[in-house]
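Colleague: My structure is below; once you've seen it, I'll send some questions.
Protein chains: 2
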Amino acid sequence: MNDRPRPWTMQQIAEAAGVSVTTVSHTLSGKRPVHPDTALRINRLIDEHGYVPDAGARRLKSGRSQVIGLAVPDISHWYFGRIARGVEEMANEHDHGLIIASTSNSDPRREKRYFNMLRTRAIDGLVYTASREIKPTDELVSMASSPAPIVLADEDIEELEGLPSVTSTNYSGARDLGRHVRSLGHTKAVIIAGFPGLHSTVQRMRGIRESFPNALAIHGDFEIRSGYELMSDLIAHEVKFTAVFACNDFMAIGAMRRLWEEGLRVPEDVSVVGFDDVDMASVVTPGLTTVRQDMLEIGRQSAKLLLDGLAAGSMEGIGSVRLPVELVLRGTTGPVAD
Amino acid sequence: MNDRPRPWTMQQIAEAAGVSVTTVSHTLSGKRPVHPDTALRINRLIDEHGYVPDAGARRLKSGRSQVIGLAVPDISHWYFGRIARGVEEMANEHDHGLIIASTSNSDPRREKRYFNMLRTRAIDGLVYTASREIKPTDELVSMASSPAPIVLADEDIEELEGLPSVTSTNYSGARDLGRHVRSLGHTKAVIIAGFPGLHSTVQRMRGIRESFPNALAIHGDFEIRSGYELMSDLIAHEVKFTAVFACNDFMAIGAMRRLWEEGLRVPEDVSVVGFDDVDMASVVTPGLTTVRQDMLEIGRQSAKLLLDGLAAGSMEGIGSVRLPVELVLRGTTGPVAD
DNA sequence: CTGAAAGCGCTTACAG
DNA sequence: CTGAAAGCGCTTACAG
């Protein structure tokens with residue numbers, strides 16, 4: 021079926037060098053001394069033929085594939101792309117490959133594939149980034165208790181408490197944002213929140229409500245369009261507010277666009293804030309006040325925890341990590357109009 | 021080192037079912053008939069213990085890993101994220117895994133890793149997306165002649181003519197854009213181009229110059245900041261123009277921002293166009309006139325070509341693909357001011 | 001400093 | 001419809 025020339029095997033290198041495969045293997049691994057002359061001869065052959073040991077055979081003996089997996093809802097999304105980049109960087113630094121798999125909103129068939137990969141040892145461990153819908157499959161839940169080599173990135177999951185996780189300090193970030201807006205004199209605020217089931221959404225709402233206990237909350241799906249449409253609803257219902265908290269920047273930007281179409285000025289008539297600090301946040305006019313999350317670092321740390329556990333031989337004793345966030349003041353927040 | 025419980029082997033399933041591993045293997049593969057009762061018994065055991073055949077052992081025999089690789093400069097970038105998503109979708113539809121690797125601007129050490137993966141058969145094939153710098157390593161060049169199972173996505177490379185590629189019709193897209201702007205009466209245009217070495221940049225410049233033969237061209241790095249700074253330079257040098265062609269949307273948006281700061285109105289004073297149609301293009305004010313590329317489809321088709329070649333056992337006879345683009349007229353282009 | 005041999009967990013002719 | 005056995009390409013005790 022495949023007529024590509026088969027690459028050289030260790031056996032062939034050994035024959036060409038007039039030694040045993042044992043010696044070639046040890047020349048490669050350095051796990052026992054090899055006579056310099058012999059080593060030189062072998063290394064010449066290796067270079068000459070571009071020999072590389074077969075990954076599968078190696079794994080069959082060692083039991084480790086040197087590959088970790090990353091499950092994300094959508095790799096093409098800015099947010100998950102940053103996480104992926106971080107995971108990939110860390111994996112690379114530790115000489116591991118990265119298998120990426122879109123869960124595309126928790127298609128259970130797809131998810132099953134990743135856990136199977138884990139079981140077939142195609143991957144040694146998994147960084148799992150919760151989909152928007154957040155209902156872990158039974159499979160995941162059952163693995164969580166093992167404890168399997170799985171780390172949750174970006175989002176904690178109730179049912180998966182046994183697993184280490186890396187998340188932002190959503191609560192305190194939102195609290196700072198709330199205080200900032202409150203300090204500008206605002207009292208009537210609305211929250212364009214994320215999926216109600218997400219930990220991060222719950223935390224951010226709690227943070228905001230510390231300053232705005234009665235803020236009206238409506239839920240969107242984190243996309244620009246969603247912010248736009250929810251703002252349309254608020255306007256249609258003649259809801260009164262002077263400040264808008266969106267649970268991410270995209271929804272904030274969608275809302276801003278709708279306000280602009282309505283002839284409402286930001287921040288003169290309405291203050292708007294987001295969460296994340298995406299690229300776009302500094303490009304829209306005026307620049308968006310928001311909270312910066314370090315998604316790259318979330319990815320890096322998640323991979324780190326996983327690789328640490330793998331190296332230790334067990335996830336036992338691997339703790340979770342909370343990463344700080346940073347308030348970024350730009351042009352969309354201003355004193356309340358009187 | 022690793023004290024996770026070892027999963028069941030086929031041998032153990034066979035013993036528990038009172039049959040040989042041969043029969044278990046055939047029950048799994050369906051490559052020869054198995055008595056229904058026997059099959060039932062085996063399948064029960066398999067389900068019960070969540071048995072999955074070891075990927076490495078399987079590959080050792082079959083010679084195929086069922087995993088393809090994707091090399092991109094930066095997975096967290098919108099542009100490459102879309103490609104990755106497409107590749108992943110197609111791989112998934114063909115029951116293949118996807119190993120992602122950032123080339124991070126052609127770090128030669130990293131690139132070497134991917135070609136090694138190819139050689140160790142950790143991956144069966146590679147979708148290669150050219151970095152911005154575009155100087156393929158000798159390694160890649162030597163593989164291109166094999167022909168190795170490699171497909172170029174998004175960008176053609178001179179030295180790698182032997183490899184199949186999937187790209188947009190950059191020339192005709194830029195030509196349409198040029199004609200559109202020309203038809204609005206503009207005669208003085210500048211081009212904020214991409215890296216001079218990229219095929220796509222060359223093609224787009226050619227397309228624009230069909231309508232604006234004398235357009236001044238300066239080169240940027242495709243980022244927002246770059247468009248902003250190049251526009252600053254043009255302004256500082258008091259270059260006269262009424263239209264700006266940017267080789268991608270990000271640079272167009274950066275340029276718009278700088279024009280806005282300068283008090284120049286778009287499109288009343290200056291018309292601006294981009295290329296790509298990124299999310300942001302429809303969100304900025306006014307909406308950006310651009311050319312839509314289907315990056316997802318570029319990813320999908322690239323993977324398709326690769327998988328086709330893999331299935332056929334050879335890349336011999338796998339052709340290249342050119343995907344159409346679409347002119348998207350929004351608010352940044354208008355009649356030339358008189 | 002080196003080698004013969006067992007074995008990792010599968011697949012697949014070969015034989016019945 | 002089923003099984004014994006060879007072998008994929010390595011690693012690693014064991015022996016010298």
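As given, the protein sequences belong to chains P and D, one line each in that order. Here this note's numbering is used: position 277 in the first sequence is 297, and no number is missing along the way. Here this note's numbering is used: position 323 in the second sequence is 343, and no number is missing along the way. Note that beta-carbon positions come from the ideal geometry of N, C-alpha and C, so glycine has one too. This one's a predicted model, so the numbers in the text were calculated from it and none came from an experiment.
1. Tell me, which residues are paired with D/I103 by DSSP?
2. Below 6 Å CB to CB, which residues in the same chain sit around D/G205 once its five sequence neighbours on both sides are set aside?
3. Can you pull the chain D neighbours of P/A142, defined as C-beta to C-beta under 7 Å?
4. Can you tell me whether DSSP reads P/F265 as helix, strand or coil?
5. Using the DSSP secondary-structure output, state which residues sit across from D/L284 in a beta bridge.
6. Let me know the beta strand (DSSP E) ranges lying completely inside the stretch 172-259 of chain P, each 3 residues or longer, listed in chain order.
7. Using a C-beta to C-beta distance shorter than 8 Å, which residues of chain D count as neighbours of P/I170?
8. By a C-beta neighbour count over all protein chains shown, 10 Å radius and 16 as the cutoff for buried, is P/K324 buried or exposed?
9. Nearest to D/C267 by alpha carbon, out of D/L284, D/R312, D/K260, D/I255?
10. Have a look at P/D115 and P/L327 and give me their C-alpha separation to the nearest angstrom.
11. Using the beta-carbon count (16 or more within 10 Å), is P/T42 buried or exposed?
12. Compute the beta-carbon to beta-carbon distance between D/D297 and D/T310, rounded to the nearest angstrom, for a pair I have assumed lies under 8 Å.
13. Only counting the same chain, and skipping five residues up and downstream in sequence, which positions put a Cβ closer than 8 Å to that of P/A36?
14. What distance in whole Å lies between the Cβ atoms of P/G198 and P/S220, which are believed to be in contact at a cut-off of 8 Å?
15. Spell out a yes or no on whether the stretch 92-111 of chain P and the stretch 93-108 of chain D are touching, meaning 3 or more CB-CB pairs, one atom from each, closer than 8 Å.
16. How should D/S49 be labelled, buried or exposed, when 16 other C-beta atoms within 10 angstroms of its C-beta is the threshold for buried?
17. Would you say D/A357 reaches chain P, if we count a Cβ-Cβ gap shorter than 9 Å as a contact?
18. So which residues on chain P does D/V72 lean against when the C-beta distance must stay under 7 Å?
19. Taking P/M225 as the query, report the chain D residues whose CB atoms sit under 8 Å from its CB, ordered along the chain.
20. With a floor of 3 residues, list each beta strand (DSSP E) that falls wholly inside the stretch 291-337 of chain P, ordered by position along the chain.
21. Between the alpha carbons of P/R90 and P/L146, how many angstroms are there, rounded?
22. Name, please, each residue of chain P whose Cβ falls closer than 8 Å to the Cβ of D/E108.
23. Short check: CB of P/S246 to CB of P/F265, under 9 Å?
24. Would D/Q321 be called buried (16 or more neighbouring beta carbons within 10 Å of its own) or exposed?
25. Are the C-beta of P/L316 and some C-beta of chain D separated by less than 9 Å?
26. Classify P/L254: buried if its beta carbon has 16 or more other beta carbons within 10 angstroms, exposed otherwise.
27. Got a sec? Which residues, its chain only, sit under 6 Å from D/R61 by beta carbon, not counting five neighbours each side?
28. Check the DSSP bridge columns for D/T140 and list the partner residues they point to.
29. To which residues of the same chain is D/G329 closer than 6 Å at the C-beta, ignoring the five residues directly before and after it?
30. Using three-state DSSP, classify P/Y148 as helix, strand or coil.
31. Please classify D/R78 as buried or exposed, where buried requires at least 16 neighbouring CB atoms within 10 angstroms.
32. At what residue ranges does the stretch 23-100 of chain D contain a whole run of the alpha helix (DSSP H), taking only runs of 4 or more?
33. Using the beta-carbon of each residue, which ones in chain D are nearer than 9 Å to P/T305?
34. Nearest CA to the CA of P/T262: which residue from P/V210, P/G217, P/A256?
35. Could you name the residues of the same chain whose beta carbon sits closer than 8 Å to that of D/L362, not counting the 5 residues immediately before and after it, in chain order?
36. Would you call P/R278 buried or exposed, if buried means 16 or more other Cβ atoms sit within 10 Å of its Cβ?
Modeller: Reading it off the structure:
1. Start at 1 with the first residue of the second sequence, and residue 103 of chain D comes out as number 83. In the DSSP output, where bridge partners are listed per residue, D/I103 has none listed.
2. As a working mapping, residue 205 of chain D is identified with position 185 in the second sequence. Apart from sequence neighbours up to five positions away, the residues of its chain that approach D/G205 with a beta-carbon distance below 6 Å are P355, V356, ordered along the chain.
3. The residue you call residue 142 of chain P lines up with position 122 of the first sequence. The answer, in chain order, is A75, G117.
4. Taking the first residue of the first sequence as position 1, residue 265 of chain P is located at position 245. P/F265: strand per DSSP, three-state reduction.
5. As a working note, residue 284 of chain D is residue 264 in the second sequence. DSSP output for D/L284 lists no bridge partner at all.
6. Runs found: 185-188, 209-213, 236-239.
7. The residue labelled residue 170 of chain P in the question sits at position 150 within the first sequence. Neighbours of P/I170 on chain D: none; closest Cβ ~12 Å, over 8 Å.
8. Numbered from its first residue, the first sequence carries residue 324 of chain P at position 304. Under this definition P/K324 is a buried residue.
9. In the second sequence, the residue the question calls residue 267 of chain D occupies position 247. Selected option, being the one with the closest Cα: D/R312.
10. Here the question's residue 115 of chain P lines up with position 95 in the first sequence. Here the question's residue 327 of chain P lines up with position 307 in the first sequence. Their Cα atoms are separated by approximately 10 Å.
11. To locate residue 42 of chain P, count along the first sequence from 1; it is residue 22. Classification of P/T42: exposed, given that the 10 Å Cβ count is below 16.
12. Residue mapping note: residue 297 of chain D aligns to position 277 of the second sequence, counting from 1. Residue mapping note: residue 310 of chain D aligns to position 290 of the second sequence, counting from 1. Confirmed, about 5 Å.
13. Taking the first sequence and counting its residues from 1, the one referred to as residue 36 of chain P is at position 16. Closer than 8 Å at Cβ, skipping near neighbours: L65.
14. Residue numbering aside, residue 220 of chain P sits at position 200 when the first sequence is read from its first letter. Residue numbering aside, residue 198 of chain P sits at position 178 when the first sequence is read from its first letter. Between P/G198 and P/S220 the Cβ distance is about 15 Å, and since that is not below 8 Å, they are no contact.
15. yes
16. Stepping through the second sequence from its first residue, residue 49 of chain D is reached at position 29. Classification for D/S49: exposed.
17. For the purposes of this step, residue 357 of chain D is identified with residue 337 of the second sequence, where counting begins at 1. No, D/A357 lies away from the interface with chain P (no Cβ there is under 9 Å from its Cβ).
18. Residue mapping note: residue 72 of chain D aligns to position 52 of the second sequence, counting from 1. N136, R139, T140, listed in chain order.
19. For this step, residue 225 of chain P is matched to residue 205 along the first sequence. The premise fails here: P/M225 is roughly 25 Å from chain D at the closest Cβ pair, so nothing lies under 8 Å.
20. DSSP assignment within the stretch 291-337 of chain P yields the following whole beta strand (DSSP E) runs of 3 residues or more, N-terminal first: 291-293, 310-312.
21. Here residue 90 of chain P corresponds to residue number 70 of the first sequence, with the count starting at 1. Here residue 146 of chain P corresponds to residue number 126 of the first sequence, with the count starting at 1. It is worth fixing the name first, because residue 90 of chain P is Leu in this sequence and not Arg. So the two alpha carbons sit approximately 6 Å from each other.
22. To locate residue 108 of chain D, count along the second sequence from 1; it is residue 88. Those are I95, I120, A121, S122, listed as they occur along chain P.
23. Translated into the one-based positions of the first sequence, residue 246 of chain P becomes position 226. Translated into the one-based positions of the first sequence, residue 265 of chain P becomes position 245. The answer is no: Cβ separation not under 9 Å.
24. Start at 1 with the first residue of the second sequence, and residue 321 of chain D comes out as number 301. Answer is buried; the Cβ neighbour count reaches 16.
25. Taking the first sequence and counting its residues from 1, the one referred to as residue 316 of chain P is at position 296. Closer than 9 Å: yes.
26. For the purposes of this step, residue 254 of chain P is taken as residue 234 along the first sequence, with counting starting at 1. It counts as buried.
27. Taking the first residue of the second sequence as position 1, residue 61 of chain D is located at position 41. Closer than 6 Å at Cβ, skipping near neighbours: A37.
28. Counting from one through the second sequence, the residue named residue 140 of chain D turns up at place 120. Residue pairing by DSSP places D/T140 in no beta bridge whatsoever.
29. Counting from one through the second sequence, the residue named residue 329 of chain D turns up at place 309. Cβ-Cβ distances below 6 Å link D/G329 to P169, M335, I338 in the same chain, with the five nearest sequence neighbours on each side left out; the list follows chain order.
30. Residue numbering aside, residue 148 of chain P sits at position 128 when the first sequence is read from its first letter. Secondary structure at P/Y148: strand, using DSSP grouped into helix, strand and coil.
31. Along the second sequence, one-based indexing puts residue 78 of chain D at 58. Looking at its Cβ environment, which holds 16 or more other Cβ atoms inside 10 Å, D/R78 is buried.
32. Correct list: 30-37, 41-49, 56-69, 75-82.
33. Reading the first sequence from its first residue, position 285 is the one you call residue 305 of chain P. Against chain D, the beta carbon of P/T305 has neighbours under 9 Å at R277, W280, V304, T305, listed in chain order.
34. On the first sequence, position 242 is the one that residue 262 of chain P refers to. When C-alpha distances from P/T262 are compared across P/V210, P/G217, P/A256, the shortest belongs to P/V210.
35. No answer is possible for residue 362 of chain D: it lies beyond the span of chain D, which begins at 21 and ends at 358.
36. By 1-based counting over the first sequence, the position of residue 278 of chain P is 258. With 16 or more other Cβ atoms from the protein chains shown falling within 10 Å of its own Cβ, P/R278 counts as buried.
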